[in-house]
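Undergrad: In this note's numbering, the protein residues as written are 22 to 474. For every residue, glycine included, the Cβ atom is placed at its ideal position computed from N, Cα and C. Here's a structure for you.
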Amino acid sequence: MTLAPMSEVLEALRAGKPVLVSDAADRENEGDAIISAALASTEWVAWMVRWTSGYLCAPMSSERADELALPPMVVNSEDTRHTAYTITVDAAEGVTTGISAHDRALTLRVLGDPTSTAASLIRPGHIVPLRAVPGGVRDRAGHTEAAVDLLKAAGLEPVGAIGEMIAEDGSAMKMDELFATGERFGLPVTTIELLIEYLNEQDGLAPDVAAEAAAETLLTADPSTVDAAVAAADGAPVPTRHAGPGSLPGSGAGRVHFEVETLVPTVHGPLRMRAYRDLETGADHLAIVSGDPAALASTTPLVRVHSECLTGEAFGSLKCECGPQLDAALDLVAEDGGVVVYLRGHEGRGIGLVNKLRAYRLQEDGLDTLDANVALGLPADARDYGAAVAILDDLGARRIRLLTNNPEKVSQLEARGIEVAERVGLVVGATEQNRRYLDTKRDRMGHVLPAAH
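Below is the structure:
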């Protein structure tokens with residue numbers, strides 16, 4: 022069995038049938054069944070209960086969750102995937118215990134009904150709504166966003182139901198098992214990567230997308246671009262490259278919210294720091310710019326997307342090369358012009374400071390950096406670069422030279438529409454203490470590093 026064309030996937034959703042969607046091998050590396058909440062039937066919900074974990078969630082936009090009075094499940098989420106769970110719900114009428122396939126299908130249909138209100142639901146319940154990020158799979162390549170984007174593409178109400186596919190032995194299904202299940206039940210199989218490609222191909226074709234982009238252009242562009250924006254609102258394609266970064270608080274590219282810009286004298290020279298708030302995680306990120314930010318759109322700037330590392334940057338830890346990499350990147354950007362996108366919340370490749378120290382403790386017992394994460398039940402790399410893409414979008418830096426040794430970072434940025442014209446290596450900070458760490462990154466994680474490490 023092969024991956025289904027997107028037309029077949031969308032047609033299955035319109036028919037109320039599940040589609041099987043796999044994410045990236047370096048993320049959860051698992052497949053979810055996705056159906057339309059509005060079309061949820063007892064039959065297919067029962068099928069999902071049988072063939073998934075049975076923990077059914079209902080992805081929707083944050084705006085719709087607000088309308089239905091569905092606040093986050095917890096104030097401070099510790100989920101490394103940043104899955105935006107809300108409080109659980111059942112339908113207010115027509116259910117018994119709420120757990121049966123009939124009752125859960127009814128609750129899903131209520132969630133998928135655009136006329137439903139907060140009073141249509143009771144809390145808590147047996148369905149878990151999820152909040153998708155505004156930018157969809159191109160900002161966060163998760164099943165939550167995939168469900169909403171697929172349903173939009175199918176012309177359906179963008180509220181879905183998802184469940185993780187589970188094999189007979191209780192483990193999460195991998196791609197070969199998804200294909201076998203799809204063939205057995207006549208269900209299409211696709212991937213989030215293919216969905217992103219499809220959406221990129223369709224970009225600018227939907228009138229509502231063009232109108233929204235045009236409206237943003239009218240608010241942020243100089244007067245010379247207004248005529249083009251008005252034409253775009255009438256249905257003409259909208260250029261994807263910005264004339265320059267948003268200068269007013271509130272600008273951004275869906276995932277982030279621009280807060281403030283200021284010039285800061287540093288040991289690397291004067292650098293312009295632009296602060297952004299991450300609308301998905303709540304983290305504060307920085308774009309550290311050397312030169313004129315408005316020039317980033319018309320050049321191919323040098324860019325470093327750098328993950329926060331408190332131990333390496335503030336305390337001089339020799340277990341990694343993060344501190345020297347940040348210093349070297351700032352020196353290069355200060356000299357040549359460009360930007361360092363500094364991402365908070367990426368400590369320990371996204372697992373957090375405490376878990377990072379737990380992983381260090383396991384490394385003392387002989388595990389390498391990858392196996393230590395896995396032993397803790399955590400992904401080898403939990404970082405998501407959606408916020409970096411949104412920041413680069415806001416700066417107009419759509420074609421860049423990327424300072425990195427990590428080809429996967431190149432792939433993630435390119436999958437979200439950033440053109441990486443050149444990968445520029447950044448080999449610094451090697452020590453005897455981090456030799457094994459660098460060897461693991463090269464040999465097991467695909468980083469481009471010399472064998473001498």
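Smallest Cα separation from V449: which of V431, T461, P471 and K430?
TA: Along the sequence shown, read from residue 1 onward, the residue named residue 449 stands at position 428. The option with the nearest alpha carbon to V449 is P471.
Undergrad: What residue range is occupied by the uninterrupted beta strand (DSSP E) comprising T23?
TA: By one-based count along the sequence shown, residue 23 stands at place 2. No beta strand (DSSP E) contains T23, which DSSP labels as neither H nor E.
Undergrad: What are the uninterrupted segments assigned as alpha helix (DSSP H) that are 4 or more residues long and contained completely in the region 39-94, given in chain order?
TA: Runs found: 63-72 and 83-88.
Undergrad: For M186, count neighbouring Cβ atoms within 10 angstroms of its own Cβ and tell me buried if that reaches 16, exposed if not.
TA: One-based indexing of the sequence shown puts residue 186 at position 165. The residue in question, M186, is buried, as its Cβ has 16 or more Cβ neighbours within 10 Å.
Undergrad: Identify whether F279 lies in helix, strand or coil by the three-state DSSP scheme.
TA: Counting from one through the sequence shown, the residue named residue 279 turns up at place 258. It is a strand residue.
Undergrad: Assuming P21 contacts I421 (C-beta within less than 8 Å), just tell me the rounded distance between them.
TA: Within the shown structure, residues of the chain are numbered from 22 to 474, placing residue 21 beyond reach of any answer.
Undergrad: Give the secondary structure of R437 by DSSP, where H, G and I count as helix, E and B as strand, and everything else as coil.
TA: The count along the sequence shown starts at 1 and reaches residue 437 at position 416. DSSP places R437 in coil when its eight states are reduced to three.
Undergrad: Which one of R382, G373 and A403 has the shortest CA to CA distance from K430?
TA: Locating residue 430 in the sequence shown gives position 409, where the first residue counts as 1. Looking at the Cα atoms, A403 is the closest of the given residues.
Undergrad: Check the DSSP bridge columns for A153 and list the partner residues they point to.
TA: Your numbering for residue 153 matches position 132 in the sequence shown. The partner list for A153 (beta bridge, DSSP) reads S82.
Undergrad: Could you tell me how far apart the beta carbons of I512 and R161 are, in whole angstroms, since I believe they sit closer than 8 Å?
TA: Residue 512 is absent from the model: the chain starts at 22 and stops at 474.
Undergrad: DSSP state of Y297, grouped into three classes?
TA: In the sequence shown, counting from the first residue as 1, residue 297 sits at position 276. It is a strand residue.
Undergrad: Measure from the alpha carbon of P145 to the alpha carbon of each residue in P155, G133, L129 and G119, then state which is nearest.
TA: Your numbering for residue 145 matches position 124 in the sequence shown. Nearest option by C-alpha distance: G119.
Undergrad: Buried or exposed for D190, please, with buried defined as at least 16 other CB atoms from any protein chain shown within 10 angstroms of its CB.
TA: Taking the first residue of the sequence shown as position 1, residue 190 is located at position 169. D190 is exposed by the Cβ-count criterion.
Undergrad: Kindly list the residues whose CB is nearer than 8 Å to the CB of D350, restricted to its own chain and excluding five residues on each side of it in sequence; keep chain order.
TA: Stepping through the sequence shown from its first residue, residue 350 is reached at position 329. Checking the sequence shown, residue 350 turns out to be Ala, not Asp. Here the set comprises R325, H327, V361, L424 and L447.
Undergrad: Using the rule of at least 16 other Cβ atoms within 10 Å of the residue's Cβ for burial, across every protein chain shown, is F279 buried or exposed?
TA: On the sequence shown, position 258 is the one that residue 279 refers to. It is buried - the Cβ of F279 has at least 16 other Cβ atoms within 10 Å.
Undergrad: Of all the beta strand (DSSP E) runs that stay within the bounds of the region 132-193, which reach a length of 3 or more residues?
TA: Counting whole runs of 3 or more residues, the region 132-193 contains the beta strand (DSSP E) stretches 142-153 and 181-185.
Undergrad: Could you give the residue range of the alpha helix (DSSP H) that holds L423?
TA: The count along the sequence shown starts at 1 and reaches residue 423 at position 402. That residue, L423, is in no alpha helix (DSSP H); its beta strand (DSSP E) goes R420 to L424.
Undergrad: For A58 versus V180, is the C-beta spacing smaller than 8 Å?
TA: On the sequence shown, position 37 is the one that residue 58 refers to. On the sequence shown, position 159 is the one that residue 180 refers to. The answer is yes: Cβ separation under 8 Å.
Undergrad: Mind checking whether I55 and A167 have CB atoms under 8 Å apart?
TA: As a first step, residue 55 is located in the sequence shown; it is residue number 34 there, counting from the start. As a first step, residue 167 is located in the sequence shown; it is residue number 146 there, counting from the start. Taking 8 Å as the Cβ cut-off, I55 and A167 qualify as a contacting pair.
Undergrad: Pick helix, strand or coil for G371, following the three-state DSSP scheme.
TA: One-based indexing of the sequence shown puts residue 371 at position 350. Of the three classes helix, strand and coil, the one that applies to G371 here is helix, per DSSP.
Undergrad: Reducing DSSP to helix, strand and coil, say where S319 ends up.
TA: Here the question's residue 319 lines up with position 298 in the sequence shown. It is helical.
Undergrad: Please give the ranges of any alpha helix (DSSP H) in the region 336-389, keeping only runs that are unbroken, at least 4 residues long and fully inside the region.
TA: You should have 343-357, 368-371 and 374-385.
Undergrad: Helix, strand or coil for L413? Go by DSSP, reduced to three states.
TA: By 1-based counting over the sequence shown, the position of residue 413 is 392. Looking at L413 - three-state DSSP - the assignment turns out to be helix.
Undergrad: Using C-beta distances below 7 Å, list every residue in its chain close to T73, excluding the 5 sequence neighbours before and after it, in chain order.
TA: Along the sequence shown, read from residue 1 onward, the residue named residue 73 stands at position 52. Hits under 7 Å: A54, G184, E185, M186 and I187.
Undergrad: Assign Y458 to one of three DSSP states: helix, strand, or coil.
TA: As a working note, residue 458 is residue 437 in the sequence shown. In this structure, Y458 counts as helix in the three-state DSSP scheme.
Undergrad: Give me, in chain order, the residues of the same chain whose beta-carbon lies closer than 6 Å to that of E366; leave out the 5 immediate sequence neighbours on both sides.
TA: Here residue 366 is taken as the residue at index 345 of the sequence shown, counted from 1. Note on residue identity: the sequence assigns Gly, not Glu, to residue 366. Here the set comprises T302 and A304.
Undergrad: Using only CA atoms, which one of E114, P92 and A86 lies nearest to P135?
TA: Counted from its first residue, the sequence shown places residue 135 at position 114. Checking every option, the nearest Cα to that of P135 belongs to A86.
Undergrad: Around the C-beta of L172, are 16 or more other C-beta atoms found within 10 angstroms, so that it is buried, or is it exposed?
TA: Numbered from 1 along the sequence shown, position 151 holds the residue referred to as residue 172. Classification for L172: buried.
Undergrad: Mapping the DSSP letters down to three states, classify V395 as helix, strand or coil.
TA: Counting from 1 along the sequence shown, the entry for residue 395 is found at position 374. Three-state DSSP puts V395 in a helix.
Undergrad: Between P291 and V131, what straight-line distance do the alpha-carbon atoms span, to the nearest angstrom?
TA: Walking along the sequence shown from the start, residue 291 turns up at place 270. Walking along the sequence shown from the start, residue 131 turns up at place 110. So the alpha carbons of these two residues sit roughly 55 Å apart.
Undergrad: Measure the Cβ-Cβ separation of R276 and A408 and say whether it is below 8 Å.
TA: To locate residue 276, count along the sequence shown from 1; it is residue 255. To locate residue 408, count along the sequence shown from 1; it is residue 387. Taking 8 Å as the Cβ cut-off, R276 and A408 qualify as a contacting pair.
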